[in-house]
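Engineer: Going letter by letter, the sequence shown gives residues 1 to 324 in this note's numbering.
Quick reminder that beta carbons are idealized off the backbone N, C-alpha and C, glycines included.
Note that the structure is predicted; figures quoted are calculated from it, not measured.
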Amino acid sequence: MRINNVRTPSNNRTAAALVAIAGLGASAHAQFIGIELREDKSPPSAEGLQNFPGDDRVRLFNFYAMFAGPGAAAGQPGEENVVVNVGTGSTGLSRPGIGVNIERNPDASFYRAPLASGAPADGIGGIDQSFSGDNRREWSTFVSIGLKRFDSYYSDQSGLPSEDTTGATSDFGFLTQRAEPLDDRPPLQRFDWIQEGWFNSSFISPQGYARDLGDGSYGVFLAQFAVMDLDEDADIGSGGVAEKDEFSFASSLSIWYGDVFVTGTSDSGVFVLDDSMTIFHRMTIYTPNPVGGVFSNAFSFQIPTPGALALFTLAGAAFARRRR
1 MRINNVRTPS
11 NNRTAAALVA
21 IAGLGASAHA
31 QFIGIELRED
41 KSPPSAEGLQ
51 NFPGDDRVRL
61 FNFYAMFAGP
71 GAAAGQPGEE
81 NVVVNVGTGS
91 TGLSRPGIGV
101 NIERNPDASF
111 YRAPLASGAP
121 ADGIGGIDQS
131 FSGDNRREWS
141 TFVSIGLKRF
151 DSYYSDQSGL
161 PSEDTTGATS
171 DFGFLTQRAE
181 PLDDRPPLQR
191 FDWIQEGWFN
201 SSFISPQGYA
211 RDLGDGSYGV
221 FLAQFAVMDL
231 DEDADIGSGG
241 VAEKDEFSFA
251 SSLSIWYGDV
261 FVTGTSDSGV
271 FVLDDSMTIF
281 HRMTIYTPNP
291 VGGVFSNAFS
301 FQIPTPGALA
311 LFTLAGAAFA
321 RRRR
């Protein structure tokens, strides 16, 4: 298990120590369902704003941890439906994190909006719409625990905090997988990889609670990925339900098969596709264990293969159709 020291983000959110990782050998809890990507096809337009690449070049994906019901405070029903942190759940990774599948999408990179737009500093935390800014921030790439947007109105209506307490591990940052940098793009738009993990600095904050996503399903927002110049036929893919993980001490493992994203690379720096080596492709979502410690719920973004797609069809097709 790899747990890094935390840093204080530059926008003055206070970073606390990561929760002690305990109870990792516990069986998977039924309330955690798995992971989900949802593509946002109707964001506010940013056309005409300085250095914005254009609506037709960027696709937005929202990443969620999915649960069977709403989250709640410790000792209350639903206390297990909470995300504490997201991070590296295995050793042997030379580049732990999440990135664009550049083998399938050789021209793709993340779009990150400038701070002048009101985009989250360092890509950490949700969008604060109470600050002045412009629509470029709505198209930016960033991570959070539970808060895609926050401001006084959103807080008053949902009981969420007026600031995002998301913090990040000491090695968190944006990298490129390519041997040669994308020099033809602005500096913020040359990256295709998010390294390491992020967490909720204030464990009493309700921002990590699972909430109704508007369609009767319950999830916790974890990241927005804005990807430039995907292949024309790139498929977001689909995921199966979380199942007992036979490869590690994680409580469960859920896999999303698609053309757009992959999780960590091996020590050799190449994508490991052999099923026996999928441990090199995972990160972990930590959720509270009501009897103490946390559940370790591994997840992985993988390139679809005929065998993987067949397994998905049997195990998770109904779940995916219900949640899309």
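Output yes or no for whether 7 Å exceeds the beta carbon distance between T141 and A226.
Structural biologist: Contact flag set, yes.
Engineer: Could you have a look at P120 and say whether DSSP puts it in helix, strand or coil?
Structural biologist: Of the three classes helix, strand and coil, the one that applies to P120 here is coil, per DSSP.
Engineer: When the Cα of V241 is compared with those of R211, S300 and G264, which residue comes out closest?
Structural biologist: When only C-alpha atoms are compared, the closest one is S300.
Engineer: Do T165 and S202 have their beta-carbon atoms positioned less than 7 Å apart in this structure?
Structural biologist: Result yes, Cβ atoms of S202 and T165 sit closer than 7 Å.
Engineer: Leaving out five residues before and five after S109 in sequence, what residues of the same chain have Cβ atoms less than 8 Å from its Cβ?
Structural biologist: Cβ neighbours of S109 beyond the five flanking positions: V100, T176, L182, R185, Q189, R190, F191, D192, V227, M228 and D229.
Engineer: Within a Cβ cutoff of 8 Å, which residues of the same chain sit near P44, ignoring the five residues on either side of it in sequence?
Structural biologist: N135 and E138.
Engineer: Would you mind stating whether Q302 and I255 have Cβ atoms separated by less than 7 Å?
Structural biologist: Contact flag set, yes.
Engineer: Which of the three DSSP states is assigned to I279 in this structure?
Structural biologist: Low per-residue confidence applies at I279: pLDDT is 45, beneath 50, and the placement is therefore not dependable, though the value from the model is reported in the following sentence. It is helical.
Engineer: Below 8 Å on the Cβ atoms is my contact criterion, and I expect I127 with F199 to pass it. Report the Cβ-Cβ distance as a whole number of Å.
Structural biologist: With a Cβ gap of about 19 Å, I127 and F199 do not count as contacting.
Engineer: So what does DSSP say about D212, is it helix, strand or coil?
Structural biologist: Three-state result, D212: strand.
Engineer: Take I285 as the anchor and find which of G75, V291, L222 and R112 has the nearest alpha-carbon.
Structural biologist: Ranking the options by Cα distance to I285, first place goes to L222.
Engineer: Mapping DSSP to helix, strand and coil, what is L60?
Structural biologist: The answer is strand: DSSP assigns L60 an E or B state.
Engineer: For D40, which beta-bridge partners are listed by DSSP?
Structural biologist: According to DSSP, D40 bridges with L60.
Engineer: Leaving out five residues before and five after D212 in sequence, what residues of the same chain have Cβ atoms less than 8 Å from its Cβ?
Structural biologist: Excluding sequence neighbours, D212 sits near P70 and Y218.
Engineer: Using a Cβ-Cβ cut-off of 7 Å, state whether S238 counts as contacting chain C.
Structural biologist: Among the chains of the structure shown, chain C does not appear; only one protein chain is present.
Engineer: So for P187, helix, strand or coil by DSSP?
Structural biologist: DSSP places P187 in helix when its eight states are reduced to three.
Engineer: Go ahead and label E180 buried or exposed: buried means 16 or more other beta carbons lie within 10 angstroms of its beta carbon, across all protein chains shown.
Structural biologist: When all chains shown are included, E180 counts as exposed.
Engineer: Can you look up S129 in the DSSP assignment and give me helix, strand or coil?
Structural biologist: The question names Ser, yet the displayed sequence has Gln at residue 129. Three-state result, Q129: coil.
Engineer: Which residues does DSSP pair with K244 in a beta bridge?
Structural biologist: Paired residues: S252.
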